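K.L.:
All you need for our numbering is the position in the sequence shown, starting with 1, plus 120. Every residue, glycine too, gets a C-beta built ideally from N, C-alpha and C. Keep in mind that this is a model prediction, so the values were computed, not measured.
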Amino acid sequence: MHAAWLPPEAWRAIGTRPARVDGEGLLVQTVLDELNAAHAAFGGGPGAPQLVLALSPTADGGPEGYSLGRSDGVTTVLAEAPAGLLYGLFHVVRLGEAAFADDFPATVHRPVHARRMLDHWDNVDRHPVMGQVERGYSGGSIFWRDGVALRDEARVKAYARLVAATGINAVAVNNVNVHATEAHLLTDRLDEVAWLADVFRPYGIRVHLSVSFNAPMLLGGLPTADPLDPSVAAWWAAVTKNVYDAIPDFGGYVVKADSEGQPGPFGYGRSHADGANVLADALAPYGGVVHWRAFVYNHRQDWRDRSTDRARAAYDHFAPLDGQFRDNVILQVKYGPIDFQTREPVSPVIAAMARTRVAVELQVTQEYTGQQQHVCYLGPQWSETLSFPLAEPRTVSELSTGGLVAVSNVGDDEYWTGHPLAQANLYAFGRLAWDPTLSPSAVLDEWISLTFPGAEAVLRETLHAMMDHSWRTYELYTAPLGVGFMVKPHYHYGPDIDGYEYSPWGTYHFADRDGIGVDRTRATGTGYTGQYPPPWCDIYESLSTCPDELLLFFHHVPYGHVLHSGKTVIQHIYDTHFEGVERVRALRPLWERVAGLVDPALHARVAERLDEQLRCAIEWRDQINTYFYRKSGVPDAHGRTIYA
Ligand code: GCW
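1. Alpha carbon to alpha carbon, how far is F220 from F162?
2. Is P720 helix, strand or coil when you go by DSSP?
3. Return the first residue and the last residue of the alpha helix (DSSP H) that N156 is part of.
4. Mark D532 as exposed unless 16 or more other C-beta atoms lie within 10 angstroms of its C-beta, in which case mark it buried.
5. Would you say the beta carbon of N294 is closer than 7 Å to some non-hydrogen atom of the ligand GCW?
6. Note down the Cα distance separating G164 from V298, rounded to an integer number of angstroms.
7. Name the one or two DSSP bridge partners that E481 has.
8. Can you check whether the CB of W412 is closer than 8 Å to the CB of Q452?
9. What ranges does the beta strand (DSSP E) occupy inside the segment 368 to 455, keeping only unbroken runs of at least 3 residues that lie completely in it?
10. Can you tell me whether DSSP reads M237 as helix, strand or coil?
11. In whole angstroms, what separates the C-alpha of R140 from that of P540?
12. Just how far apart, CA to CA, sit L305 and R514?
13. Just list the residues that DSSP pairs D142 with in beta bridges.
14. If we count Cβ pairs, one from each stretch, closer than 8 Å, do we get three or more for the segment 240 to 249 versus the segment 332 to 340?
15. Thinking C-alpha only, which one of T196, A377 and V151 is nearest A226?
16. Can you tell me where the alpha helix (DSSP H) holding D318 begins and where it ends?
17. So what's D656 in DSSP terms, helix, strand or just coil?
18. To the nearest angstrom, how far is the alpha carbon of V563 from that of A285?
19. My understanding is that I288 touches G550, with C-beta atoms under 8 Å, so please give their C-beta distance in whole angstroms.
20. Where does K376 land, buried or exposed, given buried means 16+ other C-beta within 10 angstroms?
21. If distances are taken between C-alpha atoms only, which option among D222, G650 and Y611 comes closest to E254?
22. If you draw a straight line from the C-alpha of D731 to the C-alpha of L717, how long is it?
23. Hey, is K608 close to the ligand GCW, as in C-beta under 7 Å from one of its heavy atoms?
24. Do the segment 681 to 701 and the segment 590 to 605 make contact, defined as three or more Cβ pairs closer than 8 Å?
25. For I690, which of helix, strand or coil comes out of DSSP?
26. Taking Q501 as part of the alpha helix (DSSP H), name the residues at either end of that continuous run.
27. Pairs of beta-carbons, one from the segment 474 to 491 and one from the segment 510 to 525, closer than 8 Å: are there three or more?
28. With H, G and I counted as helix, E and B as strand and the rest as coil, what does DSSP make of R703?
29. Tell whether a beta-carbon distance below 8 Å holds between Y497 and E481.
30. Apply the 10 Å Cβ neighbour rule to D223 and answer buried if 16 or more other Cβ atoms are within range, or exposed otherwise.
31. Closer than 7 Å: is that where the CB of F415 sits relative to any heavy atom of the ligand GCW?
32. As an exercise, report each continuous alpha helix (DSSP H) stretch of at least 4 residues that is fully enclosed by the segment 590 to 678, in chain order.
33. Based on the DSSP secondary-structure assignment, which residues constitute the bridge partners of V682?
34. Is it the case that the segment 642 to 649 contacts the segment 620 to 629, given that we only count it when at least three CB pairs across the two stretches are under 8 Å?
35. Across which residues does DSSP place F224 in a beta bridge pair?
36. Please go through the same chain and pick out, in chain order, the residues whose beta-carbon is closer than 8 Å to the beta-carbon of R760, but skip the five residues on each side of it.
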């Protein structure tokens, strides 16, 4: 398996210097093991220490932070708790030789978000429709295969180490769609979760488990899973005690309830606060949390019914419940109101829950952003989302008081992520969860330095040229102006403009011969804009202030509507799709320039995906342009061929 951002060479600076570690405990042992391995690889060893890592009660930084500085030729990491030493060590790895060059004053580093979590959508069984990993584009699961726990310690340990190096401290190990077999992880297959917890623990990572809301019936033989039924509460309490007996530092439960066919409290006439609280009460004695997903909407909608707006659903369900959740409930909210699209406004739910802990959920797996066939570095999307001043002056990151979560993109593929460059997304999520103010380009640079140690300038420049704006490029050749979807139903890869248009899923663009877009205004539409605090409720409401990139998310406009950019909507569609393809066409020659500078197999893997990206981008361009030419009857101002 590929070493990703921790190849042996990344440890050279450390491996050649004598070090001293003061402290005890499991994570201190991990630090020692890492240092010993580096010394064994690079011949460093005894001598006056040039690197000191020490537990110190007076070190600033809290339970996971550390101070790092260098004076008199000694680089020193001080931390109050062992996790800080581990994160400090990885910081030294990132610095490389710079950590041992000039002296620099000690500065304190601490994570902005206390919980930085990856959710796996891994199934135990190979699901007949969704496969081993739902929305997984990197092969099978690293945890299970065909119903059996793999217990591949080397693989899981390597993963734990990689993500710990980015700052991740929580992993939910199974799919939020909990099927029959997977439900048993909570009880009679708990040993499989405990095994994973043992492997993750030395890297400061706690495991969480997705559970079925109907577990009391499925597993406990109870006649109901009604959250207000005392026997149900007692069952959750007893089962949760068993979990903590097996896994004392168990993180908690993740629940997708009343969503896309999963059971939930609505089935018993109860609210989502009732549902979340019964689990929260079971977890509370042990310090556990329940991540309760806000992704609740009607997926059996009639497309003719324009009053039902999927974008409204999460807010309509959850905002009235603010204040009713236990302290250890974390409402897990997708960053946008629909579903991980390339471009969405941020979800208004994030600002509506002042008395509830909220965790924003991002998607590292590229379900809607090219499925790890396309280069699409998502750091800029996440950075933009997290720094958005939704409740001015408070940003999405600041409103995300329950931490950050993202759906992992990892599988048993030799490069972990299918597309080797998609490793950068996994890296970037961890780093931005630690510090959302980092610049995505700087994070990419870190990833390049670690993954390709000693990278020549041309490789560094090439990767930046290919990746820095790749999210924007993807947006250019796919669904325009924030309208979203237009993907092949179910697969969500490649264009199908009307694929979801007459379906029950609630994701429509409403294109007709006169115009396109969803009217979500208060004045004439679904009223969704009213879910935003000022000034956003007014900015989005008005055509004159709504940002171009979100225009069709909020408004239905004629093809001749003139954007702030000065172009009409139809000409914008043509231009962006031609430009997007040309940007993709430029990638392969760029990548050829660095053929001798990276491992040939990795080079070949990326090259093959770039060819597919170009094929797919052309397909998008031609289908989108042809469709809208046909619908609107408006020719391209530049007379280009818009059908192929
Ligand atoms: O984006 C959708 C995916 C589903 C997924 C769901 C969710 C796990 O298409 O595959 O189910 O989101 O987030 O629950």
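P.N.:
Per the coordinate set shown:
1. Near 16 Å, if we compare the C-alpha coordinates of F162 and F220.
2. Taken through DSSP and simplified to helix, strand or coil, P720 comes out as helix.
3. Its alpha helix (DSSP H) spans residues L146 to F162.
4. The residue is buried, with at least 16 neighbouring Cβ atoms inside 10 Å.
5. The ligand GCW has no heavy atom closer than 7 Å to the beta-carbon of N294.
6. Straight-line Cα distance between these residues: approximately 49 Å.
7. Here E481 is bridged, per DSSP, to K454 and V525.
8. At a Cβ-Cβ threshold of 8 Å, Q452 and W412 count as neighbours.
9. Segments of the beta strand (DSSP E) lying fully in the segment 368 to 455: 372 to 375, 409 to 413 and 449 to 454.
10. In this structure, M237 counts as strand in the three-state DSSP scheme.
11. Computed Cα separation, rounded: 35 Å.
12. A straight line joining the alpha-carbon of L305 with that of R514 spans about 39 Å.
13. Under the DSSP definition of a beta bridge, D142 partners with A174.
14. Contact fails: fewer than three Cβ-Cβ distances are below 8 Å.
15. Taking only the C-alpha atoms, the option nearest A226 is T196.
16. Annotation: the continuous alpha helix (DSSP H) that includes D318 extends over L310 to F320.
17. Note on residue identity: the sequence assigns Trp, not Asp, to residue 656. Three-state result, W656: helix.
18. Approximately 13 Å between the Cα atoms of the pair.
19. That pair is a contact at about 5 Å.
20. Buried is the label assigned to K376, since at least 16 other Cβ atoms lie within 10 Å of its Cβ.
21. Of the candidates D222, G650 and Y611, the one whose C-alpha sits nearest the C-alpha of E254 is Y611.
22. Near 20 Å, if we compare the C-alpha coordinates of L717 and D731.
23. Checking every heavy atom of the ligand GCW against the Cβ of K608, none is found closer than 7 Å.
24. With a cut-off of 8 Å, the segment 590 to 605 and the segment 681 to 701 count as touching, because enough Cβ pairs lie within range.
25. Shown here, I690 sits in a helix according to DSSP, grouped into three states.
26. Segment G499 to L506, the alpha helix (DSSP H) holding Q501.
27. By the C-beta criterion, the segment 474 to 491 is judged to be in contact with the segment 510 to 525, since at least 3 inter-stretch pairs fall below 8 Å.
28. Of the three classes helix, strand and coil, the one that applies to R703 here is helix, per DSSP.
29. In this structure, Y497 keeps its C-beta atom at 8 Å or more from the C-beta atom of E481.
30. In summary, D223 is exposed, with fewer than 16 beta-carbon neighbours lying within 10 Å of its beta-carbon over all protein chains present.
31. F415 Cβ: within cutoff of the ligand GCW.
32. Counting only unbroken stretches of 4 or more residues, the alpha helix (DSSP H) elements lying wholly within the segment 590 to 678 are 590 to 597, 656 to 661 and 671 to 674, in sequence order.
33. DSSP lists T688 as partners of V682.
34. The segment 620 to 629, when compared against the segment 642 to 649, does not touch it at the 8 Å Cβ threshold.
35. Under the DSSP definition of a beta bridge, F224 partners with R190.
36. Correct list, in chain order: Y694 and F698.
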